[in-house]
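Just so we're on the same page, this note's numbering is the position in the sequence shown counted from 1, plus 138.
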Amino acid sequence: MNLYEHTIVARQDVSPAQIKQLTEKYTKIVEKNDGKVVQTQNWGLINLSYIIKKNKKGNYIHFKFEGPAKIINDLEKNESMDKNLLRFLTVKVKKFDLETNYFSKSAEDEKKTFNKTESN
139 MNLYEHTIVA
149 RQDVSPAQIK
159 QLTEKYTKIV
169 EKNDGKVVQT
179 QNWGLINLSY
189 IIKKNKKGNY
199 IHFKFEGPAK
209 IINDLEKNES
219 MDKNLLRFLT
229 VKVKKFDLET
239 NYFSKSAEDE
249 KKTFNKTESN
């Protein structure tokens, strides 16, 4: 089985209920194609580098899953038709990093950021 990391960027005005629906929809597509979702992370609303379809921000959802290569074709076909999505990206990886969540701030990170702004 191949290991994949897949990220989708939804429009900035998508509600939390719609984000949950998107997550469930694409999880079902993976499972329908004999795949298994190992981890799902909601990274939240993040600023985009440039405006995409009149959106300055996007809701990021990140999947880590394993399965055959045919999953990618089915996922991307559905995502290209979805009006709520701005972008999507799939990367094949050799192994998953399940411990690190890059977009969650720990208490220490927030203190460091606060101290830096306070000293300036």
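Built from N, CA and C at the ideal position, the CB exists for glycine as well.
Residues that Thr145 bridges to, as DSSP identifies them: His200 and Leu227.
Nearest candidate by alpha-carbon position, reference Thr238, set His200, Gln150 and Lys195: Comparing alpha-carbon positions, the option among His200, Gln150 and Lys195 lying closest to Thr238 turns out to be His200.
Have a look at Pro154 and Asp172 and give me their C-alpha separation to the nearest angstrom. About 28 Å.
Can you give the Cα-Cα distance for Leu141 and Val176, rounded to whole angstroms? Leu141 and Val176 have their C-alpha atoms roughly 10 Å apart.
Do you know whose CA, among Asn180, Glu143, His144 and Ile189, lies nearest Gln269's CA? With the chain running from 139 to 258 in the structure shown, residue 269 is simply not present.
According to DSSP, residues forming a beta bridge with Leu183: Beta-bridge pairing links Leu183 to Asn197.
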